[in-house]
Amino acid sequence: MSNRTPPAELVAGPAVPGVAKINPILIADKVSRHFGGLMAVEVDHLEIPRGAITALIGPNGAGKTTFFNLLTGFDKPNTGTWKFGGKNLAHMPAFRVSRLGMVRTFQLTKALGRLTVLENMLLGAKEQGGENLFVALIRPFWRKREDAITERAMALLTKFKLDTKSEDYAASLSGGQRKLLEMARALMSEPEMVMLDEPMAGVNPALTQSLLHHILDLKAEGMTVLFVEHDMHMVNEIADWVIVMAEGRIVAEGPPGVVMNDPAVIDAYLGAHHDTDLGTLTGQMEIAEGMESALVKHEIEDEIEAGQETGIDVDPSTEHPEPGARTTESKGDDK
Amino acid sequence: MDYNFIPLSFGELFSPTTAAYALATIGLAVHFGFTGLLNFGQAGFMAIGGYAFAITSVKWQWPLYGSVLATIVAATIFALILGIPTLRLRADYLSIVTIAAAEIIRLSVKTPEFSSITGGSEGINGAGATFNATNPLPEGSFGFGVLTYTSEQWWLRIVGWTVVGIALLLVFLLIRSPWGRVIRGIREDEDAVRSLGKNVYSYKMQALVLGGVFGGLAGAMFILPRSLQPDNYGTQLTFFLYTILLLGGAATVFGPVIGSIIFWVTLSLSDGLLSLGVNAQVIPITAIQQGPIRFVIVGVALMILVIFRPQGISGKKKDAQFSV
Numbered sequence: 447m448s449n450r451t452p453p454a455e456l457v458a459g460p461a462v463p464g465v466a467k468i469n470p471i472l473i474a475d476k477v478s479r480h481f482g483g484l485m486a487v488e489v490d491h492l493e494i495p496r497g498a499i500t501a502l503i504g505p506n507g508a509g510k511t512t513f514f515n516l517l518t519g520f521d522k523p524n525t526g527t528w529k530f531g532g533k534n535l536a537h538m539p540a541f542r543v544s545r546l547g548m549v550r551t552f553q554l555t556k557a558l559g560r561l562t563v564l565e566n567m568l569l570g571a572k573e574q575g576g577e578n579l580f581v582a583l584i585r586p587f588w589r590k591r592e593d594a595i596t597e598r599a600m601a602l603l604t605k606f607k608l609d610t611k612s613e614d615y616a617a618s619l620s621g622g623q624r625k626l627l628e629m630a631r632a633l634m635s636e637p638e639m640v641m642l643d644e645p646m647a648g649v650n651p652a653l654t655q656s657l658l659h660h661i662l663d664l665k666a667e668g669m670t671v672l673f674v675e676h677d678m679h680m681v682n683e684i685a686d687w688v689i690v691m692a693e694g695r696i697v698a699e700g701p702p703g704v705v706m707n708d709p710a711v712i713d714a715y716l717g718a719h720h721d722t723d724l725g726t727l728t729g730q731m732e733i734a735e736g737m738e739s740a741l742v743k744h745e746i747e748d749e750i751e752a753g754q755e756t757g758i759d760v761d762p763s764t765e766h767p768e769p770g771a772r773t774t775e776s777k778g779d780d781k
Numbered sequence: 015m016d017y018n019f020i021p022l023s024f025g026e027l028f029s030p031t032t033a034a035y036a037l038a039t040i041g042l043a044v045h046f047g048f049t050g051l052l053n054f055g056q057a058g059f060m061a062i063g064g065y066a067f068a069i070t071s072v073k074w075q076w077p078l079y080g081s082v083l084a085t086i087v088a089a090t091i092f093a094l095i096l097g098i099p100t101l102r103l104r105a106d107y108l109s110i111v112t113i114a115a116a117e118i119i120r121l122s123v124k125t126p127e128f129s130s131i132t133g134g135s136e137g138i139n140g141a142g143a144t145f146n147a148t149n150p151l152p153e154g155s156f157g158f159g160v161l162t163y164t165s166e167q168w169w170l171r172i173v174g175w176t177v178v179g180i181a182l183l184l185v186f187l188l189i190r191s192p193w194g195r196v197i198r199g200i201r202e203d204e205d206a207v208r209s210l211g212k213n214v215y216s217y218k219m220q221a222l223v224l225g226g227v228f229g230g231l232a233g234a235m236f237i238l239p240r241s242l243q244p245d246n247y248g249t250q251l252t253f254f255l256y257t258i259l260l261l262g263g264a265a266t267v268f269g270p271v272i273g274s275i276i277f278w279v280t281l282s283l284s285d286g287l288l289s290l291g292v293n294a295q296v297i298p299i300t301a302i303q304q305g306p307i308r309f310v311i312v313g314v315a316l317m318i319l320v321i322f323r324p325q326g327i328s329g330k331k332k333d334a335q336f337s338v
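These protein sequences, in sequence, are chains V and L.
Residue 447 is where the first sequence starts when you use my numbering, and the numbers rise one by one after that.
Residue 15 is where the second sequence starts when you use my numbering, and the numbers rise one by one after that.
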């Protein structure tokens, strides 16, 4: 997309793991977390550029979500410090991190089911005095703020096309709508930085497009976005900067085009077929057709007959060579 | 045959015991219905409240307001003791700790070592004296038929239901406020609420204290017309309160009152009906079996209710449509 921030405006040096950024919003140092003997996260130094969209990618089990949890206070690190806008966040409880302007979403969507969509939104707002037990009893004390945040919530819901559902229970929304609600709710607090944990997981292609635009809008409004994602097309589409994790460490970082061609990254994560679209992977159809061919049918009939003649189950040792031969044949067709 | 049990049963509608159970259940609704705290020790809160009230008023001769204050303070401290170690942990821990704590309270007050203060297994008599002294109603009995009460009984009913009314008003105001929104959010998913910048631990503690204080006051109200007996505060009391809560609707403001009324009227009516049947030898059970059978009926009614109307009698159907 055209509004991508060029790498030269982000980094202050060559694109190596831990490179200093020109204007970092988050600086992490020596952050580690281990579960028993397993080193889940071991990040020496990382800077997240302000006002840009940064993608955090890596294979399953690379420690991305654990790192996310550490940064947002949902998990406690064994060692390490990190600063968000100059404030030290290490060992700060999650709710304080959020109040400072770093709001996250979850990989498994956490819409509050038996609250209405609007209530979900209002819960995201800051500085509602009525959330104090004693102030809550006297409505005039919090009514004005409630009206203001309701207005903001409705504006956001309209933008996310959920305004017609504002009085419905969040549990009645579809999976994709819940993702939208969760993102909209995170925006209620007007955060500086939004952390999205797999925002596209389980979302249909049409909704993916609108989610992509919403993420780009966040950047346009001056927010910093850090997101974990497995969908490489999406990362390529919107990310200004990509950080690759594997086995708990940062193995590479750089602009998406460069990182995705880095042999180390391809080895660690993408695999040889990273540029083919998995939706139209070749070979499967031919194999399926091969199963229906007259030859296969004939073979199966022979097997059944043989089984009936001997009166016992077909011996696996005689069965195996045949499927093997079949596979070789259909593979031959592919070429 | 004596059909007096029918109007007497309806006397349960506004009896002080019904009010006390309703108040304790309002506390449980705050815990379980709105915040999602699985408190299985509401009987413990009632015991703490009852003992704080009885000890201060009978043994230490405190004035009424002092005893009420002591009840509130004791319930608050009990809530803090239970909450500080458990509210950071998963929900299940609170239920285990509360059920154990309630039993610890009941068994501790019975031990001979404490009996100079707690009265041991005898309990404490006459806790209602300071309360009855405040009765402004004229001497004598008022009412009609079997529903005639002395002026003391009327005073207790008036004050008891006023306290229930105040508790209902408080809960009503709180639940529709932003505070209520936060605790209902915690019930759904506390991590989500945490990610939105709310101090979940503090909110859970506030809810535990609020509901616990209602439980403590209910315990004090419960012993005003009777003596304090430690064995009234067994685990079955907590489960009666849960029955009432589910009857009325767990996440409703008025459910506990409706549930409590239905619970006590049904118990009393079924008792009368059963004794009619037993005396006429229509039902093949003895008079001794008659008491427990009532609770079997309540249990079956609760099962039917939970299967066919899980939201309770006053709950909204929508609330129960989505599994938690």
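Beta carbons: idealized from backbone N, C-alpha and C, even for Gly.
Please read these numbers as outputs of a predicted model, since none were measured by experiment.
- Taking the C-beta atoms as reference points, residue 628 (chain V) is found nearer than 7 angstroms to residue 555 (chain V).
- At a cut-off of 3 residues, the continuous stretches assigned as beta strand (DSSP E) that sit fully inside the region 620 to 676 of chain V are 639 to 643, 670 to 674.
- For residue 208 (chain L), the enclosing alpha helix (DSSP H) stretches over residues 204 to 209.
- Under the three-state reduction of DSSP output, residue 74 (chain L) falls in the coil class, being neither helix nor strand.
- Taking CB atoms only, residue 561 (chain V) has a neighbour in chain L less than 7 angstroms away.
- Residue pairing by DSSP places residue 534 (chain V) opposite V:529 in a beta bridge.
- The straight-line gap separating the alpha-carbon atoms of residue 141 (chain L) and residue 78 (chain L) is approximately 10 angstroms.
- Within the same chain, 696, 697, 698, 699 come within 7 angstroms of residue 463 (chain V) by CB-CB distance, once the 5 residues on both sides are set aside.
- Look at the beta carbons and you see the region 530 to 544 of chain V touching the region 201 to 218 of chain L: at least three pairs across the two are nearer than 8 angstroms.
- When 9 angstroms is used as the limit between beta carbons, residue 514 (chain V) is near no residue of chain L, the shortest such separation being about 11 angstroms.
- Around residue 534 (chain V), no beta-carbon contact reaches into chain L at under 8 angstroms, the shortest distance being about 18 angstroms.
- Counting only the Cα atoms, residue 18 (chain L) lies some 24 angstroms from residue 310 (chain L).
- For residue 485 (chain V), the enclosing beta strand (DSSP E) begins and ends at 484 to 495.
- Counting along the chain, no beta strand (DSSP E) covers residue 679 (chain V); the unbroken alpha helix (DSSP H) around it starts and ends at 678 to 684.
- If you look at residue 700 (chain V), you'll find it in the beta strand (DSSP E) that goes 695 to 700.
- In the DSSP annotation of this structure, the continuous segment of the beta strand (DSSP E) that includes residue 478 (chain V) starts and ends at 470 to 481.
- Nearest neighbour of residue 326 (chain L) by Cα position, chosen from L:47, L:38, L:205, turns out to be L:47.
- In chain V, no part has a C-beta under 9 angstroms from the C-beta of residue 44 (chain L); the shortest such distance is about 11 angstroms.
- Three or more beta-carbon pairs drawn from the region 557 to 575 of chain V and the region 610 to 617 of chain V are found closer than 8 angstroms, and the two stretches are therefore classed as touching.
- For residue 545 (chain V), the chain L residues whose Cβ falls inside 7 angstroms of its Cβ are 211, in order along the chain.
- Using a 10 angstroms sphere on the CB of residue 74 (chain L), the tally of other CB atoms stays under 16, which defines it as exposed.
- With contacts defined by Cβ atoms closer than 7 angstroms, residue 215 (chain L) and residue 200 (chain L) do not form a contacting pair.
- DSSP, read as helix, strand or coil, puts residue 104 (chain L) in coil.
- At a cut-off of 7 angstroms between beta-carbon atoms, residue 602 (chain V) makes no contact with chain L.
- Relative to the Cα of residue 87 (chain L), the nearest Cα in the group L:193, L:133, L:228 belongs to L:228.
- Chain L has no Cβ within less than 7 angstroms of the Cβ of residue 606 (chain V).
- Around residue 556 (chain V), the beta-carbon contacts reaching into chain L at under 7 angstroms are 203, 205, 206.
- Close CB contacts of residue 36 (chain L) within its chain, under the 7 angstroms cut and outside five residues either way in sequence, are with 178, 270, 271, 274 (chain order).
- Straight-line spacing of the CA atoms in residue 263 (chain L) and residue 288 (chain L) works out to 28 angstroms.
- Listed along chain L, the residues sitting closer than 9 angstroms to residue 578 (chain V) by beta-carbon distance are 192, 193.
- Within 9 angstroms of the CB of residue 187 (chain L), the CB atoms of chain V belong to 582, 583, 584, 585, in sequence order along the chain.
- Interface criterion met: the Cβ of residue 540 (chain V) is under 7 angstroms from a Cβ in chain L.
- Note on the region 207 to 241 of chain L: whole alpha helix (DSSP H) runs with a minimum of 4 residues are 214 to 237, in chain order.
- Within chain L, no C-beta atom comes nearer than 8 angstroms to that of residue 644 (chain V); the closest sits roughly 15 angstroms away.
- For residue 171 (chain L), the three-state secondary structure derived from DSSP is helix.
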